Amino acid sequence: FTMERKTHVKINRKEMMLAKLRKSCSCTPQKLKNFVMDFFPVLRWLPKYRCKEYIWGDIMSGLVIGIILVPQAIAYSLLAGLKPIYSLYTSFFANIIYFLMGTSRHVSVGIFSLISLMVGQVVDRELLLAGFDLNDDAPPALGDGSLQNDSLSNTTAFNLTIAGINAECGKECYAIGIATALTFVAGVYQVLMGIFRLGFVSMYLSESVLDGFATGASLTILTAQVKYLIGIKIPRSQGHGMLVITWINIFRNISQANLCDVITSAICIVVLVTAKELGDRYKDKLKFPLPTELVVIVVATLVSHYGKLNEVYASSVSGAIPTGFISPEVPQFNLMLRVAVDALPLALVSFAFTVSLSEMFAKKYAYTIRANQEMFAVGFCNIIPSFFHSFATSAALAKTLVKTSTGCQTQVSGVISAMVVLLVLLFLAPLFYSLQKCVLACIIIVSLRGALRKFRDVPARYHVNKVDTLVWVITVSASALVSTEIGLLVGIVFSMLCIVVRTQRPRTALLGQIQDTGFYEDDLEYENLSTVPKVKIFRFEAPLYYANKNYFLKSLYRLTNLDPNLEAARRKKYEKKEKQHLQKGNHRTANGLGTEETTLQLVPKQIDFQALVVDCSSISFLDTTGVNTLKEILKDYKNLNISVLLACCNPSVIDSLKRGGYFGRDFGSMQEMLFYSVHNAVLFAKDQK
C-alpha cells in the first residue's frame, strides 16, 4: 500500500517573527495585567487562598523551617567565609522574594551548602589576591554588638584602594563585597537566560552530573570543617587539590588539637546523628521533625557562655552577631568584572537545583510550574538581596522535604519562615556570641548525610546503568580532587562525550524472523529466529551522521560478510587477467582453470543474498554525510547485483533522502526502494528475480 504525505503550508518565517514581535511589543491594559500577573504569580494564587484549609499547615511548616534555618544559616556562614549575619540576611530576603515570584508551592529557597561553598571559594581566592590573610581571625568585638563596632574590629591595616573599595574597607567588608558582586552577576545571568528562554541549558546537567557534583562538593565541605571539629589552626587551602592539601595539613597539625573542641564535637555529632536516625525511623509517627539543631545550639551556647570555654580552653566561638539591617549598597562594578566567570557555574547550579526540585514536587502534588518563571524568581532572589549584603541562594532538598512533611500548602510558609529569621535578626542574634564554631561544623557535617550516603548506592547505580555510574564517579572525583567548578565542567563534558561515543559506536545487528510472524529481531539476542533466504536485514541503532559513517560501513560489511568494494576490485582483477590470457590466445587462465571455471570462481561463495534490507527505525536523522553513505552502499551493492531496500524510515529521514537525490530526480523508483515495514521489504525482495 502507498501512504500519501500531507501537504504542509509553507510558513514565511520572517512574517511570523515580525508578527510575534508586533504582538509582544503591543501594549494593552489586559496584556499589561497578564504580564504583571505572570511575573508575580502570587497575585494569581493568593486571592484564591483557602485560609481555613491551608493556614495551619503553612504556619506549622513555616515555623519549623524557620527554626531549622537559623542554625543552618549561622553554620553555613563558615562555608561562605562570611559573618553569620549575612547568612541570616540571605535566608530572610530569599523567602520573601520567592513568595512573590516563585511558581512552586513547596520548595524551600534560601541558603544552601553547595552554593555557600562555591561562594566561599571565590571569596577566599579574591581575599588572597588582595593580600588579606585568610587565617587572620580578629578578636571578636566587645560591647553592644552593633554593626559599627563589628565592622571596625575587622578592619585590617591595608591603606590601599582595593578594586574600587575605599581604604577603610577591611577583610570582612571586602569579603562581603566579593560575595554580593558574585551574587548580583549570577542573578543577572539567570534573568538573561530567562529573557532569552535559555532554561534548556540546565538539561545538560544530568542527574548523574548533579548527584556527582553534590557528593564531590560534600567531600570538600566535610574536609573544610574538620579543622573546626578538632580546633586546629591550619592555612585555608585554595585552588586545585584543596582536599588533599587540607588533609595533609590536618595530619601534620593533629597534635595541636583542642581537647575541648574535640569533646564538644563528639558529643554534638552523636546527639545530632542519633536524633536524625530516630527522626527518619519514626517520621510517620512524628507530626513535625525534631528541632535538634536548635536545641544543640542553645545548649552548646549556654554551656560555652557559663563555662567560659573561649577564655579558659581557647575554644573558637562565633563572636558578636549584630542586630538590625545594614543600609543597602550597590555591588561594586569593578568586583563584578573579577567574578564574572565564576558567576556562570553558580547561576547554572542554582537554577538547576531549584527547577529540578520544583518539577519533582509539582509532579508529586499534581500541579505545574513554569521553568522560565523559576529562572526569573531565582535570578531576582540573587539580584535584589545582593543590595542588602546577601549572597547566592538556591532551593534545598532537605528543607523542602521537611516543609512538605509538616503540612506546607503554599509559599505563605516561606513568609512565616522569614518572620522567624527576622525575629533573630532584630532581637536574638547577639545571644549566639559564645556559640563554638565546632558546633556549627557538626551541624554542617551531619547535614551532608544524604549526599555522602550516595556512595552506598554505587552498586545499585552500576547495575542499572554502567555509563551513568562512570559519569557520577568522574564528576565526584573531579569535584573533590580538583575543584567544584572544574568538577561540574568535567561532568558536563564527560556526560556529553558519553552520548557522542554512544552514537559513534552504537549497537548493530542482523535480524532474523520470528517464526510465523511478520516481525524481526536481533539474531544474537533471541533464540529460535529463522533466517530469511537470500535476504540480509541490517539494523543500525543510532542517527547516521559524519561521526559514525565509518562504523556504519564497517559493521555492515562485517555482519554481512561482504565488502562490496573489495569484491568489486577482486572481480576487476580477475577480469583483467582473463582478458590478458584471452588476448594471448590461451584459453587456460593463470590458475590453470578454463574460462567457464573462472566465471564460476568470480561469483564468491560468501555472497549468499540478493537483497539487503536496512531497518531505519532507530535512525532518527541523517546529515549530508549520512545520505551520501546510503547512496554509496546503494551504488556499491548494485554493482554486485544486490538490491538495497530501506524500511521504517521516519518522515525526517525520507525528506533528507529526497533532498539528497537518493531516489533519483523524479522519485519514480521510490516505491521499490522504500518500505513502511521490514516485512514488506522482505516480501518484495523474495518476489524479485
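By the UniProt record's numbering, the letter at position 203 of the sequence shown is numbered 203, and the numbering carries on one by one without gaps.
Backbone N, C-alpha and C fix where the C-beta goes; we use that ideal spot for every residue, glycine too.
These figures come from a predicted structure and were not determined experimentally.
Residue i by DSSP, collapsed to three states: which one?
| i | result |
| --- | --- |
| D563 | coil |
| G102 | coil |
| I504 | The sequence shown places Gln at residue 504, rather than the Ile named in the question. Q504 falls in the helix class under three-state DSSP. |
| A130 | coil |
| R125 | helix |
| V9 | coil |
| Y520 | strand |
| S652 | helix |
| V317 | strand |
| L529 | strand |
| Q409 | coil |
| L544 | strand |
| Q373 | helix |
| L290 | coil |
| G664 | coil |
| A392 | coil |
| D623 | coil |
| V107 | coil |
| K635 | helix |
| K584 | coil |
| R539 | strand |
| V330 | coil |
| V614 | strand |
Of all the options the options, which has the alpha carbon lying nearest to the alpha carbon of residue i?
| i | options | result |
| --- | --- | --- |
| S265 | S413, L435, L114 | L435 |
| F538 | N550, R558, N528 | R558 |
| T531 | G512, Y546, T517 | G512 |
| L640 | C438, G231, E575, P564 | P564 |
| L431 | L88, L100, I321 | I321 |
| S116 | L510, E4, L129, I176 | I176 |
| G131 | Y174, Y98, F351 | Y174 |
| V501 | Y546, Y54, V262, A647 | Y546 |
| Y204 | E126, G170, V493 | V493 |
| S273 | L286, C260, P291, D261 | Strictly speaking, residue 273 in this sequence is Val, with Ser absent from that position. When only C-alpha atoms are compared, the closest one is P291. |
| L634 | G664, D655, N650, P651 | G664 |
| L524 | P533, R507, V349, K534 | R507 |
| K686 | Q610, Y676, S208, K23 | Q610 |
| R5 | Y313, P651, S677, A681 | P651 |
| V535 | E172, M16, V682 | V682 |
Can you list, in chain order, the residues of its chain whose CB lies under 7 angstroms from that of residue i, leaving out five sequence neighbours each side?
| i | result |
| --- | --- |
| F418 | Note that residue 418 is Ala in the sequence shown here, rather than Phe. So the qualifying residues of the chain are F92, N95, I96. |
| L544 | F552, I619, L622, G626, T629 |
| G661 | none |
| A75 | L440, I443, I444 |
| Q148 | Confidence is the limiting factor: at Q148 the pLDDT is only 40, short of 50, which leaves the residue's position unreliable and the question unanswerable from this model. |
| F351 | Q190, S202, M375, V378 |
| R252 | none |
With a threshold of 6 angstroms on Cβ separation, who are the neighbours of residue i within its own chain once the five nearest residues in sequence on each side are excluded?
| i | result |
| --- | --- |
| I269 | C442 |
| E293 | P71, I443 |
| Q121 | none |
| H679 | G518 |
| V412 | D58 |
| K20 | none |
| K364 | none |
| S208 | D468, V471, W472 |
Assuming residue i contacts residue j under a Cβ cut-off of 8 angstroms, what Cβ separation, rounded to an integer in Å, is found between them?
| i | j | result |
| --- | --- | --- |
| A257 | I297 | So it is not a contact: roughly 23 angstroms between Cβ atoms. |
| D342 | L182 | 6 angstroms |
| F353 | A300 | Rounded, the Cβ-Cβ distance is 30 angstroms, inconsistent with contact. |
| V42 | L100 | 5 angstroms |
| Y433 | V317 | 7 angstroms |
| Q190 | G414 | Between G414 and Q190 the Cβ distance is about 19 angstroms, and since that is not below 8 angstroms, they are no contact. |
| A451 | S218 | 4 angstroms |
| L425 | L88 | 5 angstroms |
| A568 | V613 | So it is not a contact: roughly 21 angstroms between Cβ atoms. |
Leaving out five residues before and five after residue i in sequence, what residues of the same chain have Cβ atoms less than 8 angstroms from its Cβ?
| i | result |
| --- | --- |
| D124 | G81, L134, R236, Q238 |
| F667 | K658 |
| L128 | L134, Q238 |
| V467 | C498, R502 |
Heavy atom of the ligand SAH less than 7 angstroms from the Cβ of residue i, yes or no?
| i | result |
| --- | --- |
| V420 | Looking at this structure, you won't find the ligand SAH or any other ligand, since it has none at all. |
At least 3 beta-carbon pairs within less than 8 angstroms: the segment 404 to 415 vs the segment 55 to 68: Short answer: they touch.
Counting pairs of Cβ atoms below 8 angstroms between the segment 194 to 206 and the segment 370 to 386, do you hit three or more? yes
Check whether the segment 173 to 186 and the segment 386 to 405 are in contact - that is, three or more C-beta pairs closer than 8 angstroms. yes
Quick test of the definition: if touching needs 3 or more C-beta pairs under 8 angstroms, does the segment 458 to 476 touch the segment 97 to 110? no
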